[in-house]
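Working notes for the structure below.
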Amino acid sequence: MNSISQPIGRGVSNLNRNDVQLVQRLLNRHRLQTSAAIQEDGLVGPKTIAAIEEFQKRVVRMSMPDGRVDPGGATFRALSNTSTSPVAPSSPAGSTTVVYKDTLSSNERIVDLYCFNVIKMVMENAGCSKGVITSTIRTPEEQVDIMYRNAKTNLAGQYSLYGSNGDAVLKVYEDNKQKPEAEVKRLMVAKVKELLQNNRRVSLHVTTAENYRLKNIIDIGVNSTQAAAGASFNKSKITEAFTKAERDGYINKFIDETHKSNNCWHVEIVPNAKPLPA
Numbered sequence: 155m156n157s158i159s160q161p162i163g164r165g166v167s168n169l170n171r172n173d174v175q176l177v178q179r180l181l182n183r184h185r186l187q188t189s190a191a192i193q194e195d196g197l198v199g200p201k202t203i204a205a206i207e208e209f210q211k212r213v214v215r216m217s218m219p220d221g222r223v224d225p226g227g228a229t230f231r232a233l234s235n236t237s238t239s240p241v242a243p244s245s246p247a248g249s250t251t252v253v254y255k256d257t258l259s260s261n262e263r264i265v266d267l268y269c270f271n272v273i274k275m276v277m278e279n280a281g282c283s284k285g286v287i288t289s290t291i292r293t294p295e296e297q298v299d300i301m302y303r304n305a306k307t308n309l310a311g312q313y314s315l316y317g318s319n320g321d322a323v324l325k326v327y328e329d330n331k332q333k334p335e336a337e338v339k340r341l342m343v344a345k346v347k348e349l350l351q352n353n354r355r356v357s358l359h360v361t362t363a364e365n366y367r368l369k370n371i372i373d374i375g376v377n378s379t380q381a382a383a384g385a386s387f388n389k390s391k392i393t394e395a396f397t398k399a400e401r402d403g404y405i406n407k408f409i410d411e412t413h414k415s416n417n418c419w420h421v422e423i424v425p426n427a428k429p430l431p432a
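Convert by adding 154 to the 1-based position in the sequence shown; the result is the number in my numbering.
In structure tokens, the structure reads:
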């Protein structure tokens, strides 16, 4: 079996280029199709370290990735003990792919591979060539940015979208909307955090990374998917396919929000809840 002679990654010398190249090659074999391949040049830079951390989060399940691969350590064992072909290789022309929206940060790109494949299955069943994930985990600040922006446009519509917890945050906006934007957002964030302390969530997207791994909360945007899929896009067929996947037990909960202001398919998926068809 391949091995490395010294640690590779963050905070170490990375002098053995053969070791670095081996780690880079293994990382590329296990990358998601939504992640670009890193150069196998034997040099450790930000992209290699980011790829190590992404692998540690997604596969090793480290809550605090250290960006380092040690000889015989958990990260190297995981890299070595799984398939030698890419986890999600680039798909041939004409097949279905699922990608993140370009605007999502690296911290938001934590969807489990199983959940990716459930969404891919749905898109395939709907005859759609591409699906675009537009929202995953959110911080309170990110949630407030969304709520503030939408409330400025249509406050009544936002009240109809959220439950009582969200309404409490929207009331903060309504009562303070004449104040400077930064101040209004600060007050809204404080309300979101206050609710969280009492186990009340404004949105299921607002959670910890640890809880998110137990159940992935994902929005697939209608507009982004339509733009990416082109002529293969059919909203009603995709909605029907999501409904069937929920009925068949692959999706824990599906909410059709395509007629609401956020215009998306909202799914909640427990990773590996049911084996996917071969």
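Cβ coordinates follow ideal geometry from the N, Cα and C atoms, glycine included.
Remember, it's a predicted structure, so these values are computed and weren't measured experimentally.
Roughly how many angstroms separate the alpha carbons of residue 324 and residue 166, rounded to a whole number? Between residue 324 and residue 166, the C-alpha separation is close to 48 angstroms.
Cβ-Cβ distance between residue 287 and residue 206 below 7 angstroms: No. Outside cutoff.
Given this structure, state the Cα-to-Cα distance separating residue 201 from residue 194, to the nearest angstrom. Distance between residue 201 and residue 194, taken at the CA atoms: about 11 angstroms.
So, for residue 213: in the same chain, excluding its five sequence neighbours on each side, which residues have a beta-carbon less than 6 angstroms away from its beta-carbon? These residues qualify, in order along the chain: 232.
For residue 399, collect the residues of the same chain with a Cβ closer than 6 angstroms to its Cβ; drop the 5 residues on either side in sequence, then sort them by chain order. Short of 6 angstroms from the beta carbon of residue 399, and not among the five residues preceding or following it, lie these beta carbons of its own chain, in chain order: 276, 405.
Got a sec, what are the start and stop residues for the beta strand (DSSP E) residue 407 sits in? Where residue 407 is concerned, the enclosing beta strand (DSSP E) stretches over 407-411.
What residue from 249, 395, 353, 346 has the CA that sits closest to residue 297's CA? Distance from the Cα of residue 297 is smallest, within the candidate group 249, 395, 353, 346, for 346.
Residue 170 and residue 159 closer than 7 angstroms at C-beta: The Cβ-Cβ distance between residue 170 and residue 159 falls below 7 angstroms.
Which same chain residues end up closer than 8 angstroms to residue 386 when comparing Cβ atoms and leaving out the 5 residues on each side of it in sequence? Only 281, 282, 283, 284 meet the Cβ criterion.
Does the beta-carbon distance from residue 198 to residue 168 come in below 7 angstroms? In contact: residue 198 and residue 168 (Cβ atoms closer than 7 angstroms).
Name the residue from 396, 415, 418, 414 whose alpha carbon lies nearest to the alpha carbon of residue 272. That would be 396, whose Cα lies nearest to the Cα of residue 272.
Three-state secondary structure (DSSP) at residue 269? DSSP places residue 269 in helix when its eight states are reduced to three.
Does DSSP put residue 215 in a helix, in a strand, or in coil? DSSP places residue 215 in coil when its eight states are reduced to three.
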